[in-house]
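Residue numbers (the working numbering), protein chains in the order written: chain X, 1 to 382; chain W, 1 to 382. Step one of this worksheet: look at the structure below.
There are 2 protein chains.
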Amino acid sequence: MTREMPKPFSFRVLKTDGAARRGEIVTAHGEVQTPAFMPVGTQGTVKGLTPEDVRATGAEIVLGNTYHLMLRPGAERIAALGGLHEFMNWPLPILTDSGGFQVMSLSDLRKVGERAVTFRSHLDGAVVELTPERAIEIQTLLGADIAMQLDECLKLPAMRDEIARAMQLSLRWAERSKRAFETNARDGYALFGIVQGGDDHALRAESARALIAMDFNGYAIGGLAVGEPQEVMLNIVAETTPMLPAERPRYLMGVGTPHDLIEAVARGVDMFDCVLPTRNGRHGMAFTRYGAINLANARHANDSRPLDAESPHLAARTYSRAYLHHLTKANEMLGAVLLSCINLAYYQSLMAGMREAIGARRFADFCNDTTAQWARGDLPAL
Amino acid sequence: MTREMPKPFSFRVLKTDGAARRGEIVTAHGEVQTPAFMPVGTQGTVKGLTPEDVRATGAEIVLGNTYHLMLRPGAERIAALGGLHEFMNWPLPILTDSGGFQVMSLSDLRKVGERAVTFRSHLDGAVVELTPERAIEIQTLLGADIAMQLDECLKLPAMRDEIARAMQLSLRWAERSKRAFETNARDGYALFGIVQGGDDHALRAESARALIAMDFNGYAIGGLAVGEPQEVMLNIVAETTPMLPAERPRYLMGVGTPHDLIEAVARGVDMFDCVLPTRNGRHGMAFTRYGAINLANARHANDSRPLDAESPHLAARTYSRAYLHHLTKANEMLGAVLLSCINLAYYQSLMAGMREAIGARRFADFCNDTTAQWARGDLPAL
């Protein structure tokens, strides 16, 4: 029996409509249609959902968190168990972050040096060192289809000097990440560089130029969705995407709301990840065609209608608002499960709608119709 | 279009093997093969599982808790929303308890009087009164295929006088429950009486005799699994089942472990409910052919084998012990979901095995083989 060789990693732009792009990524574990949204599987699981549940929402790729997985159960352990795809029973593409962002946000006593970032594990207080080379090694052990370089991510607002220093360090780490990745390069697997530079145009441009010279498989825009207003974020996205090569995928990290996604796709972004649909789902919030709906609100208590009778996802068409309200008020696990599914399915249908609209060159109309429907708000109460 | 009329409630014994019975219950929402295990859907949901998940474990009937549902979201509300089947999207049979047991175990300031039990809601402290008539009204509003009489359930050990008093009160409440049920009787719906009498043979006999004279659709054995040793419980079951009419189903309430189920079926019980498979699943314990397995144990951390490669349930065959260990240690919701499914599926396969063995008149062999395999314990560590 001959084993099929993985295809080389590739990205093609199939259509454009203004700055918006309709594309396809090919990885070792299959294709991803872009613009794409990646559900977050922090600890080797999209919280509460089976891989079949995640697939049923329409997701073609999920994100895994290097920081969490390196601490528990450990990258070497996952590798010995056949890699992250096998471990979590998800046979489709996986992108892993580098761990850098969560070192900054979750761990104590972190110290960023030239060579490495050193921190205490939030689990047991153990001192852990993460170098750009180790971040790549971990992601290779996990078997990520798309790995990310280690970078230093600051909260905004920050001083320009500090933003410049972190950006420069991230560039040197990009170089080391690239070298480490290439020593073990395998067909079908990719490494993305991350553009930093905070809210400063010149720094973003310097970061993008230097990364492009290193020739990554794709480029992320990092350091956003860290507290700045949406307008600031979208301006930086709009300024940054034209600096990036058209023939490589562009990934806006950690973004965002449905409105963020539409606006960022309009500015040329191809890939997204965010915890919002699952985290907010666990707290009783549904994302729908009618905008965000708080199921804890008493107005749903007697409402026999489903969240969205025309949703492509079974759960959104099946369960009554009254039942989802009840599960939310009673803090029942099934409420978290169903709303996570419903929200991920809404995000995926939004992405599918954008892809179709770009293909038909009616993206602006799609965005107008979609935001107008959000603005009209939820169905009137019964 | 003519709507199909529900069949009358019925029970047939199809085969016997010693005291063990293989039977079939017909209800307004379909058939239930006995001996049957009913997963517990306390607040209108088997915790963490969709109805499709529950069905995939092999369950044909679930239990709903009157106490919880009457307090939240309320019986009238559920009725207005189309009944409990519609509310929780479970189209198959539902049995509801009367609320009595949980009034005793969960609420404060309960006061048992001749007319009613009065208590404070554990949710908001509101004073609520539950009469036998209201317990039936609630269960009718919920649309339970099988309703239970209100009874008073004591913890064991208890004084004989106290047991006798509670049993006598439960008989008077049985009479009132029966009368209330008959004023609204509908085809396909059933009411069960509950034999009380603690660990006293004469009191159990008196209770059974009086209930049989009232002619219920089925008979439960209540007041067990409340702290007494297994041997005491099984002795009472063995003494009680011969007092009950052969042509009516027998339901042992709140029981139990896989071993309890085998021993109780051997003594002539047809129906069970218990939170063990789901509650213990939420705490990292799996019930399997190899006995109970604690997934939190470090010996599973590197074990790539599934829990049971020959299980009829996909999850038990698919996910590695290492992954289930990881989910358990990381307190991930998916661990609770998967182990609840796996445990319910094991319980259902145990019931199916017993049904098949009784049909083939080799029930004793089946019990010996099953308990011998439990005694051999889990697979040796890798």
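Each residue gets a CB set at the ideal place from its N, CA and C atoms; glycine is no exception.
- Considering Thr240 (chain W), what are the terminal residues of the alpha helix (DSSP H) in which it resides? Gln230 to Thr240
- Message: For His143 (chain W) and Leu84 (chain W), which I take to be in contact (beta-carbon distance under 8 Å), what is that distance rounded to the nearest angstrom?
- Response: According to the sequence as given, residue 143 (chain W) is Gly; it is not His. Rounded, the Cβ-Cβ distance is 5 Å, consistent with contact.
- Own chain residues within Cβ distance below 7 Å of Thr42 (chain X), not counting five before or after: Asn65 and His68.
- chain W partners of Tyr319 (chain X), CB-CB under 8 Å? Asn89
- Below 8 Å between beta carbons is the criterion; list the residues of the segment 283-314 of chain W that meet it against any residue of chain X, in chain order. Ala301, Asn302 and Ser304
- So Gln348 (chain X) and Thr57 (chain X) are in contact, right, with Cβ under 8 Å, and what is the actual spacing, rounded? 5 Å
- For Thr288 (chain W) and Tyr346 (chain W), believed in contact at Cβ under 8 Å, the rounded distance: 6 Å
- Please confirm whether Ile146 (chain X) and Thr27 (chain X) have their CB atoms less than 8 Å apart. yes
- Message: Does the structure place the segment 192-210 of chain X close enough to the segment 168-177 of chain X that three or more beta carbon pairs sit under 8 Å?
- Response: Yes: the two stretches touch, three or more of their Cβ pairs being nearer than 8 Å.
- Item | Beta-carbon spacing of Val232 (chain X), Cys153 (chain X) below 8 Å | It is not a contact, given that the beta carbons lie outside the stated cut-off.
- Query: What residues match up with Asn294 (chain W) in a beta bridge as DSSP calls it?
  - Reply: Bridge partners of Asn294 (chain W): W:Met285.
- Task: Identify which residue in W:His29, W:Thr183, W:Leu106 and W:Asp124 has its Cα closest to the Cα of Arg134 (chain W).
- Result: Of W:His29, W:Thr183, W:Leu106 and W:Asp124, the smallest CA-CA separation from Arg134 (chain W) is found for W:Thr183.
- Message: Measuring straight from C-alpha to C-alpha, what distance separates Asn444 (chain X) and Ser304 (chain X)?
- Response: The shown model of chain X, from 1 to 382, leaves out residue 444 (chain X), and the question about it has no answer.
- Query: On the three-state DSSP scale, how would you describe Ala372 (chain X)?
  - Reply: helix
- Take the Cβ of Asp365 (chain X) as the centre, count every other Cβ of all protein chains shown within 10 Å, and call the residue buried at 16 or more, exposed below. Looking at its Cβ environment, which holds fewer than 16 other Cβ atoms inside 10 Å, Asp365 (chain X) is exposed.
- Message: Run through chain W and tell me which residues come within less than 7 Å of Tyr346 (chain X), C-beta to C-beta.
- Response: Simply none; closest approach about 18 Å.
- Query: Under a Cβ-count criterion, where at least 16 other Cβ atoms within 10 Å of its own Cβ denotes burial, should Leu14 (chain X) be classed as buried or exposed?
  - Reply: exposed
- Kindly indicate which residue of X:Arg250, X:Asn302, X:Gly335 and X:Leu109 has the alpha-carbon position closest to the one of Ala315 (chain X). X:Gly335
- Is the CB-CB distance between Phe363 (chain X) and Asp17 (chain X) below 8 Å? yes
- Going straight from the alpha carbon of His283 (chain W) to that of Leu261 (chain X), what length do you get? If I take the Cα positions, the gap works out to 38 Å.
- Query: How would you call Lys47 (chain X), buried or exposed, if buried means at least 16 neighbouring beta carbons within 10 angstroms?
  - Reply: The residue is buried, with at least 16 neighbouring Cβ atoms inside 10 Å.
- Please compile the residues from chain X whose C-beta is within a distance smaller than 9 Å of the C-beta of Lys329 (chain W). Arg72 and Pro73
- Query: Do we get a CB-CB distance below 8 Å when we pair Met243 (chain X) with the residues of chain W?
  - Reply: No - not a single Cβ of chain W is within 8 Å of the one on Met243 (chain X).
- Message: I need the DSSP call for Asp161 (chain X), collapsed to helix, strand or coil.
- Response: When DSSP states are grouped into helix, strand and coil, Asp161 (chain X) belongs to the helix group.
- Item | For Pro132 (chain X): DSSP bridge partner residues | Paired residue(s): none; Pro132 (chain X) is not in a bridge.
- Query: How would you label Val127 (chain W), buried or exposed, when you count the other beta carbons within 10 angstroms and need 16 or more for buried?
  - Reply: exposed
- Helix, strand or coil for Glu152 (chain X) per DSSP? coil
- To which residues of the same chain is Asp161 (chain W) closer than 7 Å at the C-beta, ignoring the five residues directly before and after it? none
- Nonlocal neighbours in the same chain, by C-beta distance under 6 Å from Thr140 (chain X), ignoring five residues either side: Asn184
- Task: Could you check which residue in X:Met88, X:Gln168, X:Ile194 and X:Val112 has the C-alpha nearest to that of Phe216 (chain X)?
- Result: X:Ile194
- Taking Phe87 (chain X) as part of the alpha helix (DSSP H), name the residues at either end of that continuous run. Leu84 to Met88
- Query: Can you check whether the CB of Ala180 (chain W) is closer than 8 Å to the CB of Ile138 (chain W)?
  - Reply: no
- Query: Grouping DSSP H, G and I as helix and E and B as strand, with all else coil, what is Leu14 (chain X)?
  - Reply: strand
- Cβ-Cβ distance between Gly291 (chain W) and Asp378 (chain W) below 8 Å: Cβ distance < 8 Å, so Gly291 (chain W) and Asp378 (chain W) count as in contact.
- Message: Please confirm whether Val269 (chain W) has its beta-carbon closer than 8 Å to some beta-carbon of chain X.
- Response: no
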